[in-house]
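*Asks:* One structure, as structure tokens, below. Some questions next.
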Amino acid sequence: MIAAAEISLADGRLAGLSWGHEESPIWLALHGWLDNAASFARLAPLLVEHLNIRIVAIDFSGHGRSRRHPPGADYAIWDYAHDVLDVLKSLGLERAPLLGHSMGAGVACLVAAALPERVERLVLIDGLGTLSTPAEKTAEQLRKGLQGHRRRSSRAPHYADVESAIMARVNGGVTALDAVTVEPLVRRNLEEDGEGGYRLRTDGRLLRPSMVRFCPEQVQAILNAIEMPTLLIEGDSGILGERDRARHARNAVKPLRRRVLVGGHHLHLEPNAVAAVAEAIVTGIRDE
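Numbering-wise (numbering that gives the first Met the number 0), the sequence shown opens with residue 0 and increments by one.
So, in structure tokens, the structure goes:
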């Protein structure tokens, strides 16, 4: 197994993990909401081996070991596009392939649509586009956001040991995860609390409702603007499937190729599914 190296980017603002030789072509990997760079701990070594590339996976702002936004600042999905552009600058890259999972796939789509000259290709894992709110529900979304932002933030939960933190993520996650799958994410996201236990590094503000979201028509227009080769890997028990929103999103991306594999939303991290994900990506790239 190819070992990961810690990496510091954007003048120390962003942290991440790197696999592969420094001189190899770089792919930038973008994780999902409340996850971190360790999301690619099992997939990246396989891709590095078969494609002779270097994968740099970042912790988005407020996630993992990256810095939090300053007081009073928000976490909107388009803010993460700046993380991507800052990392490209740090690495001296004009453009790069983007490998994104879930929210990271959404961020990749935003960058690809707005700045296509910076994105060589998209490889998306169980994510396409971003959450939206119908225009007629704008006031309702704003109400949720305002109320959520004005609530007092609660302290990060305390865990007596790593195993307790892992089980808390298993039992409280938005999507189904088992302890083996989630372990790399949780371990990277923990820090000692000075009391003999652990707390999460994740910024609690990430749990606040968004003040504003794109409306469905805007998301569709963003996806329509994607022109580079796009490979979508879905889990057959993931979050996309044949839901209306997912079908409309897939139809909007003209260069999209789709593969559905056995697995859940985090299939790239599931020990029994990751090899098939890697094979689908390698085959997809070589068949272009």
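We put the CB at the ideal spot given by N, CA and C, even for glycine.
Looking at the structure shown, is ARG187 part of a helix, part of a strand, or coil, going by DSSP?
*Replies:* helix
*Asks:* Rounding to the nearest angstrom, what Cα-Cα distance links SER152 and ARG198 in this structure?
*Replies:* 15 Å
*Asks:* When you compare the segment 20-31 with the segment 45-65, are there three or more beta-carbon pairs, one atom per stretch, that lie closer than 8 Å?
*Replies:* yes
*Asks:* So the candidates are TYR74, LEU8, SER236, ARG12; which of them puts its Cα closest to the Cα of LEU316?
*Replies:* Since the first and last residues shown for the chain are 0 and 287, residue 316 lies out of range.
*Asks:* VAL179: buried (16+ other C-beta within 10 angstroms of its C-beta) or exposed?
*Replies:* exposed
*Asks:* My assumption, with CB atoms under 8 Å, is that ALA95 sits in contact with GLU119. Please give the rounded CB distance.
*Replies:* 6 Å
*Asks:* Provide the residue span of the beta strand (DSSP E) that contains GLU233, from first to last.
*Replies:* Its beta strand (DSSP E) spans residues 229-234.
*Asks:* What residues in its chain sit with their C-beta under 6 Å from that of ALA159, if we drop five residues either side in the sequence?
*Replies:* GLY196
*Asks:* Under a CB-based cut-off of 8 Å, is THR229 close to chain C?
*Replies:* Annotation note: the requested chain C is absent from the structure, which comprises a single protein chain.
*Asks:* How is GLU5 classed by DSSP in three states: helix, strand or coil?
*Replies:* strand
*Asks:* In this structure, does DSSP put HIS157 in helix, strand or coil?
*Replies:* strand
*Asks:* Can you list, in chain order, the residues of its chain whose CB lies under 8 Å from that of ALA277, leaving out five sequence neighbours each side?
*Replies:* The residues are LEU42, LEU45, LEU46, HIS49.
*Asks:* Among ARG249, LEU231, GLY193, LEU189, which residue has its Cα nearest to the Cα of VAL218?
*Replies:* ARG249
*Asks:* Can you give me the start and stop residues for the alpha helix (DSSP H) that ARG61 sits inside?
*Replies:* The sequence as given places Gly at residue 61; Arg does not occur at that position. Unbroken run through GLY61: none, as it is neither H nor E.
*Asks:* Might you give, ordered along the chain, the residues of its own chain that have their beta carbon closer than 8 Å to the beta carbon of LEU184, omitting 5 neighbours on each side?
*Replies:* ASP34, ASN35, ALA37, SER38, ARG168, LEU268
*Asks:* Which partner residues does TRP26 have in the DSSP bridge list?
*Replies:* ILE54
*Asks:* Quick check on ASP82: buried or exposed, where buried means 16 or more other Cβ atoms within 10 Å of its Cβ?
*Replies:* Residue burial annotation: ASP82 is buried, with at least 16 other C-beta atoms found within 10 angstroms of its C-beta.
*Asks:* Quick check: what's the CA-CA separation for GLU241 versus ARG142?
*Replies:* 31 Å
*Asks:* Over the uninterrupted beta strand (DSSP E) stretch that includes HIS100, give me the two end residues.
*Replies:* For HIS100, the enclosing beta strand (DSSP E) stretches over residues 95-100.
*Asks:* Taking the beta carbon of LEU130 as the centre, do at least 16 other beta carbons fall within 10 Å, making it buried, or is it exposed?
*Replies:* The residue is exposed, with fewer than 16 neighbouring Cβ atoms inside 10 Å.
*Asks:* Cα separation between GLU216 and LYS136?
*Replies:* 14 Å
*Asks:* Nearest CA to the CA of ARG149: which residue from ARG207, MET166, LYS88, HIS100?
*Replies:* ARG207
*Asks:* Is DSSP giving VAL211 helix, strand or coil here?
*Replies:* Three-state result, VAL211: coil.
*Asks:* If I follow the unbroken alpha helix (DSSP H) through ARG66, where does it start and stop?
*Replies:* Per DSSP, ARG66 lies in no alpha helix (DSSP H) segment and is marked neither H nor E.
*Asks:* Are there 16 or more other CB atoms within 10 angstroms of the CB of THR282, so buried, or fewer, so exposed?
*Replies:* exposed
*Asks:* Can you give me the start and stop residues for the beta strand (DSSP E) that LEU255 sits inside?
*Replies:* 255-260
*Asks:* Assuming contact is defined by CB atoms lying nearer than 8 Å, are VAL259 and GLU233 in contact in what I supplied?
*Replies:* A contact, by the Cβ cut-off of 8 Å.
*Asks:* Taking Cβ to Cβ, would you say ALA251 is nearer than 8 Å to LEU231?
*Replies:* Going by C-beta atoms, ALA251 is not nearer than 8 Å to LEU231.
*Asks:* Rounded to whole angstroms, what's the CA-CA distance from SER60 to ARG67? Just pull it up for me.
*Replies:* 6 Å
*Asks:* LEU13 and GLU5: beta carbons closer than 8 Å?
*Replies:* no
*Asks:* Assuming SER101 contacts HIS247 (C-beta within less than 8 Å), just tell me the rounded distance between them.
*Replies:* So it is not a contact: roughly 18 Å between Cβ atoms.
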